[in-house]
């Protein structure tokens, strides 16, 4: 069984003490593909080191996270382009909008999001979207950028059924992570109404650990809890969920093996 974690920040400082152990534990659990989203240019060296240490398993993205969009965002976007030119990247992300913490840079977030969507199209790459308290704003940008070349993942999807269908209409897969295991997560109530062909699995580690680890540091091996819950929701075997969601991920990221 091969499981794919489509979103894990394995280069995060919180793994500095035991990163090798965390990766080994995930590999032992059957996680063989790790897609690594970017945050900002300060993390690029640690992302590249992760790729050097585990070249067979790590797939990097280039991007500017919406919560890191500040006055210098154009400089940061230039660093994203440099990353794309110098290293093999499999997606633009994570990008998007986050109005949960702060609305100061809402216009800059919109501009950075739009720019990264266009960058993804230019490089024929998927876009990995972060959305927090910003569904309307994100859909507005997607609406204006919609064409046949737009595709990607709506990471950590936490919306309702209508929002799920709308995201899928933009040729986006839904990234399903730990929230699906939460008692009040709500996604589990309608997920079976969405074809499993539209979803991929993720952890977003070190964030959003699934039950029973909720509130603790998340790690890629915990994706098995997400896998089990999704299998229960669709009423199919975990091996089938792993195979289908890995195939979905490979199709988004352009992996042919």
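In my numbering, the protein residues as written are 34 to 290. All residues carry an ideal CB built from backbone N, CA and C; glycine is no exception. This structure is a prediction, so every number in the text was calculated from the model and none was measured.
{"Check": "Starting from residue 68, trace the beta strand (DSSP E) both ways and give me its first and last residue.", "Outcome": "64-69"}
{"Check": "Mind reading off the beta-carbon distance from residue 97 to residue 123? Whole number of angstroms is fine, and I expect it under 8 Å.", "Outcome": "Actually they are not in contact, since the Cβ atoms of residue 97 and residue 123 sit about 17 Å apart, beyond 8 Å."}
{"Check": "Taking Cβ positions, are residue 233 and residue 206 nearer each other than 8 Å?", "Outcome": "yes"}
{"Check": "If you follow the beta strand (DSSP E) that residue 93 is part of, which residue opens it and which one closes it?", "Outcome": "91-93"}
{"Check": "Just curious, the alpha helix (DSSP H) that residue 30 is in, first and last residue?", "Outcome": "Because the chain in this structure spans residues 34 to 290, residue 30 falls outside the shown range and cannot be described."}
{"Check": "Can you tell me which of the three DSSP states residue 104 falls into?", "Outcome": "coil"}
{"Check": "Is there a Cβ from chain C that is less than 8 Å from the Cβ of residue 78?", "Outcome": "As a matter of chain content, chain C is missing from the structure shown, which is built from one protein chain."}
{"Check": "Please confirm if the segment 161-173 is in contact with the segment 111-118, defined as three or more CB-CB distances below 8 Å between the two stretches.", "Outcome": "no"}
{"Check": "Can the beta-carbon of residue 282 be found closer than 8 Å to that of residue 37?", "Outcome": "yes"}
{"Check": "Straight-line CA distance for residue 246 to residue 55?", "Outcome": "15 Å"}
{"Check": "Whose C-beta lies closer than 7 Å to the C-beta of residue 34 among residues of the same chain, with five residues either side of it excluded?", "Outcome": "63, 272 and 275"}
{"Check": "Return yes when at least one heavy atom of the ligand FAD lies under 7 Å from the C-beta of residue 226, else no.", "Outcome": "Although the ligand FAD was asked about, the structure shown includes no ligands whatsoever."}
{"Check": "Taking the alpha carbon of residue 87 as the reference point, which residue from 68, 95, 104 and 105 has its own alpha carbon closest?", "Outcome": "68"}
{"Check": "Measuring straight from C-alpha to C-alpha, what distance separates residue 58 and residue 52?", "Outcome": "10 Å"}
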